[in-house]
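Asker:
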Amino acid sequence: MISRHPIRAYMRTLASHLGKLERANAEEVVREIESHLHEVVDQAEARGEDLDVAALLQGFGPPEALAAQYVAHIQAGAPPPAGFRVIHRVKQTVTRGLYYSMGAFGYSVAIAFLLLALAKLIEPASVGMWSVAGGTSITISWSGSPHPDARELLGYGLIPLALAAAAWCAEVTRRVLRVLRRGLP
Numbered sequence: 004m005i006s007r008h009p010i011r012a013y014m015r016t017l018a019s020h021l022g023k024l025e026r027a028n029a030e031e032v033v034r035e036i037e038s039h040l041h042e043v044v045d046q047a048e049a050r051g052e053d054l055d056v057a058a059l060l061q062g063f064g065p066p067e068a069l070a071a072q073y074v075a076h077i078q079a080g081a082p083p084p085a086g087f088r089v090i091h092r093v094k095q096t097v098t099r100g101l102y103y104s105m106g107a108f109g110y111s112v113a114i115a116f117l118l119l120a121l122a123k124l125i126e127p128a129s130v131g132m133w134s135v136a137g138g139t140s141i142t143i144s145w146s147g148s149p150h151p152d153a154r155e156l157l158g159y160g161l162i163p164l165a166l167a168a169a170a171w172c173a174e175v176t177r178r179v180l181r182v183l184r185r186g187l188p
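Each residue of the sequence shown is one higher than the one before, counting from 4 in this note's numbering.
1) Does the segment 62–77 come close enough to the segment 109–122 that 3 or more CB-CB pairs lie under 8 angstroms?
2) In whole angstroms, what separates the C-alpha of GLN72 from that of LEU24?
3) Can you give me the C-alpha to C-alpha distance between ALA170 and VAL130, rounded to a whole angstrom?
4) How long is the line joining the alpha carbons of THR139 and TRP133, rounded to whole angstroms?
5) Roughly how many whole angstroms lie between the Cα atoms of ALA47 and SER19?
6) Does DSSP put VAL56 in a helix, in a strand, or in coil?
7) Could you please give the first and the last residue of the uninterrupted beta strand (DSSP E) stretch that includes TRP133?
8) Apart from the five residues on each side of it in sequence, which residues of its chain come closer than 7 angstroms, Cβ to Cβ, to ALA167?
9) Skipping 5 residues on each side, what residues in its chain have a beta carbon closer than 6 angstroms to that of ALA173?
10) Which residues bound the beta strand (DSSP E) around THR142?
11) Just curious, the alpha helix (DSSP H) that ARG11 is in, first and last residue?
12) How should ALA49 be labelled, buried or exposed, when 16 other C-beta atoms within 10 angstroms of its C-beta is the threshold for buried?
13) Anyone know if the C-beta pair for ALA128 and PRO163 falls short of 9 angstroms?
14) Would you give the residue range spanned by the alpha helix (DSSP H) that GLY106 belongs to?
15) With distance defined between alpha-carbon atoms, name the residue in SER104, TRP145, GLU52, GLU42 nearest to LEU124.
16) Going straight from the alpha carbon of PRO33 to that of MET14, what length do you get?
17) Return the CA-CA distance between SER6 and GLU35, expressed in angstroms with no decimal places.
In structure tokens form, the structure reads like this:
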């Protein structure tokens, strides 16, 4: 069995030199490199080969230098370190139009669900989720039953469902906008 202690020591040193990166980026770099190293060791063990882990790590260079390359790549857009697939980020620019459009769309959907819940409180007979044609069609309507034979499915249960959907849409929109904000020029 090949000792993995040198890999752990290398990764600790590498992680300690990635402090200039956001935590998520640093963790992603460490995770990718560590998984690559363990994959190489696993393959060597499966073939019954004796792998020189020190030589493998030497191929990556000193952890301080590798960390500096990743910091430069992620922060300044320098070319990524060569050798294996790790965080090939393309510097993306998000237009303000896309950012505001996503915000308007997401929050509009959240507001529509909120208004649906409020409308059900104000006009309970006119707002609901209706089953039509023996359950083969379902309609959410603000103007009453869409068909004389339709039956309402949720009743006042529509209110918490609509409020939960509003909260979910608002939270997803907030998270998407937070990601998009990073790409604004």
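Glycine is no exception: its CB is placed at the ideal position from the N, C-alpha and C atoms. What you are looking at is a predicted structure, and each value in this text was computed from that prediction instead of being measured.
Answerer: Looking at the coordinates:
1) no
2) 12 angstroms
3) Taking the straight line from one Cα to the other gives about 20 angstroms.
4) Spanning the alpha carbons of THR139 and TRP133 requires a straight line of approximately 11 angstroms.
5) 28 angstroms
6) helix
7) 131–135
8) none
9) Excluding residues within five positions, the ones whose Cβ falls inside 6 angstroms are ALA113.
10) 140–144
11) Counted as a single uninterrupted DSSP element, the alpha helix (DSSP H) harbouring ARG11 occupies residues 8–19.
12) exposed
13) no
14) DSSP places GLY106 in the uninterrupted alpha helix (DSSP H) bounded by 99–125.
15) TRP145
16) Here residue 33 is Val; the residue named in the question, Pro, does not match the sequence. Each residue's alpha carbon lies about 7 angstroms from the other.
17) 20 angstroms
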